[in-house]
Structure formats: C-alpha cells, structure tokens
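**Q**
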Amino acid sequence: MATLASSSALLFTSPSSNLHTPSLSPSPRVSLSSSSSHSLSSSISISPSFISHKTNSRPHCLSSFAVTASTVEKKKVLIVNTNSGGHAVIGFYFAKELLGAGHDVTVFTVGEESSDKMKKPPFSRFSEIVSGGGKTVWGDPAQIGSVLEESSFDVVLDNNGKDLDTVRPVADWAKSSGVKQFLFISSAGIYKPTDEPPHVEGDAVKADAGHVGVEKYISEAFGSWAVFRPQYMIGSGNNKDCEEWFFDRKCIIL
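Under numbering that gives the first Met the number 0, think of the first position of the sequence shown as 0, with each following residue one higher.
Here it is, written out as structure tokens:
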C-alpha cells in the first residue's frame, strides 16, 4: 500500500510549538503510513487543517501541518536528514514525534557533527532528540552501510536526497537490509507551472525533475512506500533565516 501526498504547506508545527494555529474544520489527514502483509502497524502522518475558497475551478487552501505518530508495535526508524535548507526541520520533528510514540529513532545527518552548519537550528536542538532517547550520527549517505555497520531498521525516511544518484545508495542499502517501509520527502517544486494555483495531487510534473526519478525508483523497489511533496516549511526550528523578515520586524514611522 502506498500513499502519495502533496501540499503547499505554510506552517510546520509540533504539539509544543508556541505558534498560534487556529482551530479549523475539516481536518483531513495526509498519511505517510502503510499496511502490508508484513503487518506494519505503526503510522506516521502529517495532518493539515484547511481554510478553503475557490480560485477559478480549483480549491485554494491555507494550511497548517502537525506531524503526528501513533504506534501499536515499536519500530526502529532511521531518518536520513539533510544538513541545511527548509526541509531540515522535517526530520527533526519526525524524530521527536516518533520518540514520543515509543519508537526507536536514529537520525543520520549528512556531513560532520563539527560543521558550522550544526550550530544553526534544528541541529543546535538535537540534544532534544538525544534526551528523548534517540540517536544521532553523521556521515556520507553514499557510505551508509559503513556508517551504520550492523544496525537494522524497520522504516527509513529519506529527508535528504533531491535526485536518484543521492537517494539510490540509501534505498538500495535499505532494500538489501530488509527494511519494510521507505518514506521519501519529495518537493512540490516538481510540478509544472499552472495558471490555476495551488498545485494538487495529479497535476503534471516535470519529467526531468530529480525528485520524480526518486519517486519512481522507490515505488518499484518497495511494496510499502510513501512520498510527501511539501513546499515551504516555516516555524520553530527552521534552518532558514528568511522567515525572520516576515515575522521579526517592527513598524517604523517616517
């Protein structure tokens, strides 16, 4: 069973976030979970609340997202996390939520722990993952087997690769290691331009977009897989400074 989800998310939050999120209805769930003959009974989901209005013939949605996780059976989860950019915070919150649900979580971050990049959030907050019982490691995803040695996992979430050359070593290692479920954070940037925003699942994608090749590859390699196509991630722990220009400012009377 596979799930393909797409969105132009505006706000990334966690249950502990201080950011205000209005109570909206309805609240559909974009699920990154799968059921299969292997009885993968845990779920990982991103739940959006929508305010909808019509833009021509297409619904326009303002949405806020919260990562949630539930469990019936404890899983060993590996999150391969990018070391920069707006998507970095996704892996951070997935790790915290999964740990809170009782799963065993390892976050594999690209690069070196001593890198200056690790001084910025969400990496500067990785102590929250460790204090929650999670593990953090650094290295080259192309050498993932050597870095993780004999470690085994039930689920792998790739929140790093933007093309098949980057993701293939992780996917191939996961397949050969007996990983049952593979999740991939793709991008809404793969869609072709449209005169009727916003993009919705089923819109035409750019055939030469790197993420498209990854989606196809994992869909053929794994019986249980899912992809999520976010746009801009904004909120607590974000790695990018650009949002400060929107929220951290004051009026100046000239």
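In this text, a Cβ means the ideal position worked out from N, Cα and C, and glycines have one as well.
What separation, rounded to the nearest whole angstrom, lies between the Cα atoms of Asp157 and Ala173?
**A** Between Asp157 and Ala173, the C-alpha separation is close to 11 Å.
**Q** Can you give me the C-alpha to C-alpha distance between Asp171 and Lys74, rounded to a whole angstrom?
**A** Straight-line Cα distance between these residues: approximately 20 Å.
**Q** Take Leu77 as the anchor and find which of Phe122, Asp153 and Ser113 has the nearest alpha-carbon.
**A** The option with the nearest alpha carbon to Leu77 is Asp153.
**Q** Which residue from Gly234, Asn80, Lys161 and Gly101 puts its Cα closest to that of Gly110?
**A** Checking every option, the nearest Cα to that of Gly110 belongs to Asn80.
**Q** Could you check whether the segment 126 to 138 touches the segment 93 to 105, counting it as contact only if at least three pairs of C-beta atoms, one from each stretch, sit closer than 8 Å?
**A** Yes: the two stretches touch, three or more of their Cβ pairs being nearer than 8 Å.
**Q** Pull up the distance between the alpha-carbon of Gly144 and that of His198, whole angstroms please.
**A** Rounded to the nearest angstrom, the two C-alpha atoms are 37 Å apart.
**Q** How is Tyr190 classed by DSSP in three states: helix, strand or coil?
**A** Three-state DSSP puts Tyr190 in a strand.
**Q** Could you spell out where the beta strand (DSSP E) holding Thr108 opens and where it closes?
**A** Taken as a continuous stretch (DSSP letters only), the beta strand (DSSP E) holding Thr108 covers Asp103 to Val109.
**Q** Excluding the 5 residues flanking Glu127 on each side, which residues of the same chain have their C-beta closer than 7 Å to its C-beta?
**A** If we look at Glu127 and ignore the five residues flanking it on each side, its Cβ neighbours are Lys95.
**Q** Just checking Ala203 against the ligand ATP - is the residue's beta carbon closer than 7 Å to any of the ligand's heavy atoms?
**A** Absence of the ligand ATP from the depicted structure is noted, as is the absence of any ligand whatsoever, leaving it without description.
**Q** Going by C-alpha to C-alpha distance, which of Tyr231, Gln142 and Ile251 sits closest to Gly84?
**A** For the residues Tyr231, Gln142 and Ile251, the minimum Cα distance to Gly84 belongs to Tyr231.
**Q** In or out: Thr105 buried (at least 16 other Cβ within 10 Å) or exposed?
**A** Its Cβ being crowded by 16 or more others within 10 Å, Thr105 is buried.
**Q** Would Val213 and Leu182 qualify as a contact pair, given that the criterion is a beta-carbon distance under 8 Å?
**A** No, these two residues do not count as a Cβ contact at 8 Å.
**Q** Give the straight-line distance between the Cα atoms of Val178 and Ile252, rounded to the nearest whole angstrom.
**A** Each residue's alpha carbon lies about 59 Å from the other.
**Q** Considering Ala170, what are the terminal residues of the beta strand (DSSP E) in which it resides?
**A** No beta strand (DSSP E) holds Ala170; the alpha helix (DSSP H) holding it covers Leu163 to Ser175.
**Q** The beta strand (DSSP E) spanning Ile78 covers which residue range?
**A** Counting along the chain, the beta strand (DSSP E) containing Ile78 begins and ends at Lys75 to Asn80.
**Q** Using DSSP with H/G/I as helix, E/B as strand and the rest coil, what is Phe152?
**A** Three-state DSSP puts Phe152 in coil, outside helix and strand.
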